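Structure, as structure tokens:
Now the structure itself:
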């Protein structure tokens, strides 16, 4: 069983952040190739007008089909295996478009007849895929996802725009390989920063240690800093209690982030026969968990601690707001657009609970 499976079973919400078919980027590359080819041809030719018409038709059809592809990709990422054939169809279509885009880079070896033939072939492929994809979309029997609260969406938008910066006061935990606590599948967490501040800056989460954390520090010690590139956030898990993730003294909610390293891909696996995580496997991704910071003085009182935990289960705006900020930032990164220009459906797709 992988770490993702374990966290997915414990989490209230799981966000698959990298699951979309980048068909828009492939299409844009193909369109640019055709445009570049047309500009190199003598002006006024009838063949150029036909190419421009085919190019526009291809662009519009893909734009109309993209929301359907996005919904299918999201449902497959959420575990709907019945839609995997439809997703394969989407991937095949994208590969065809990528191949055409590569061909268009060498404009000298192409002719008007060949470019028109390829565009017509792609249009036929799109037309052939539409009935199957729409049928697959209708087969989705799960209820509509709960939409994000408008207030949370507005707050997250203000943070991204910089009009209302927010500083999150958190504890930071990180995952490391150990076999100390076998009862929790062999994974354990360490408290990396007892108290820290997190700010959103330029598509990154800037985390700075707060040395006023009640712990011993050397005189003149500099605070630790960490920057998480949101583009590398692969998955998020939100759980009501860090105790479920085997995080000591964490009774309040935590947000878990799987951050892929830039030079590695793949998933981290847990050895089922031996309850420990191989250190080499953790080289593929970093795992962090953040929870709201509370003073250790309050935690000394058991009754107060339990009351605070209960309150956090009911009302936890800060971590959910941080989750919303990351989701909106991922929208901008994945779609290469300002979130203010995104459609309602696209926002709902990223912000879905």
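In the numbering used here, the protein residues as written are -10 to 342. By construction, the Cβ of each residue, glycine as well, lies at the ideal position given by its N, Cα and C atoms. In this text, all values refer to a predicted model and were calculated from it rather than measured experimentally.
Looking only at its chain, what residues have a beta carbon closer than 6 Å to the beta carbon of residue i, apart from the 5 residues adjacent to it on each side?
i: residue 314; result: 145, 148 and 189
i: residue 155; result: 148
i: residue 36; result: 101
i: residue 275; result: 248
i: residue 7; result: Confidence in residue 7 is poor, its pLDDT being 40 and thus under 50, which makes the residue's placement too unreliable to answer from.
i: residue 204; result: 183
i: residue 132; result: With a pLDDT of 47 at residue 132, under the threshold of 50, the modelled position of this residue cannot be trusted; read the value that follows with caution. Excluding residues within five positions, none has a Cβ falling inside 6 Å.
i: residue 336; result: none
Do you know offhand how far residue i's Cα is from residue j's?
i: residue 208; j: residue 241; result: 32 Å
i: residue 52; j: residue 61; result: 15 Å
i: residue 114; j: residue 196; result: 47 Å
i: residue 107; j: residue 243; result: 51 Å
i: residue 25; j: residue 157; result: 47 Å
i: residue 39; j: residue 23; result: 12 Å
i: residue 219; j: residue 194; result: 7 Å
i: residue 20; j: residue 89; result: 10 Å
i: residue 54; j: residue 177; result: 44 Å
i: residue 130; j: residue 273; result: Any reading at residue 130 must be qualified, since the residue scores a pLDDT of 48, below 50, and its modelled position is unreliable; no value is offered.
i: residue 94; j: residue 116; result: 25 Å
i: residue 164; j: residue 210; result: 24 Å
i: residue 14; j: residue 86; result: 10 Å
i: residue 327; j: residue 206; result: 42 Å
i: residue 216; j: residue 153; result: 20 Å
i: residue 69; j: residue 119; result: 20 Å
i: residue 103; j: residue 79; result: 24 Å
i: residue 225; j: residue 284; result: 26 Å
i: residue 110; j: residue 18; result: 17 Å
Cα-Cα, which of the options is closest to residue i?
i: residue 344; options: 108, 201, 220 and 219; result: Because residue 344 is not part of the residues shown, which for the chain are -10 to 342, the question remains open.
i: residue 162; options: 219, 245 and 70; result: 245
i: residue 191; options: 177, 99, 27 and 151; result: 151
i: residue 16; options: 83, 34 and 224; result: 83
i: residue 12; options: 341, 325 and 284; result: 325
i: residue 221; options: 87, 206, 120 and 316; result: 316
i: residue 341; options: 307, 64, 14 and 120; result: 64
i: residue 41; options: 105, 214 and 69; result: 105
Counting only beta-carbon atoms, is residue i nearer than 8 Å to chain D?
i: residue 27; result: Reference to chain D is not applicable here, since this structure consists of a single protein chain.
I'd like the list of long-range same chain contacts for residue i, defined as Cβ closer than 8 Å, with 5 residues on each side in sequence excluded.
i: residue 112; result: 43, 46, 47 and 50
i: residue 30; result: 36, 37 and 101
i: residue 250; result: 221, 272, 273, 274 and 275
If contacts are defined as beta-carbon pairs under 8 Å, then residue i and residue j qualify, I think. What distance do you get, rounded to the angstrom?
i: residue 329; j: residue 141; result: Residue 329 to residue 141, Cβ: 16 Å. No contact.
i: residue 187; j: residue 160; result: Actually they are not in contact, since the Cβ atoms of residue 187 and residue 160 sit about 11 Å apart, beyond 8 Å.
i: residue 184; j: residue 199; result: 4 Å
i: residue 56; j: residue 334; result: 6 Å
i: residue 128; j: residue 71; result: 7 Å
i: residue 227; j: residue 91; result: That pair is no contact at about 41 Å.
Within its chain, find whatever has a CB closer than 7 Å to the CB of residue i; leave out the 5 residues flanking it on each side and keep chain order.
i: residue 172; result: Caution is warranted here: a pLDDT of 43 is assigned to residue 172, below 50, making its placement in the model unreliable, and the coordinate value is therefore given only provisionally. Excluding residues within five positions, none has a Cβ falling inside 7 Å.
i: residue 27; result: 37, 40 and 41
i: residue 307; result: 157 and 281
Q: Pair every Cβ in the stretch 110 to 130 with every Cβ in the stretch 71 to 87, then say whether three or more of these pairs are closer than 8 Å.
A: yes
**Q.** Three CB pairs or more closer than 8 Å across the stretch 272 to 283 and the stretch 320 to 330
**A.** no
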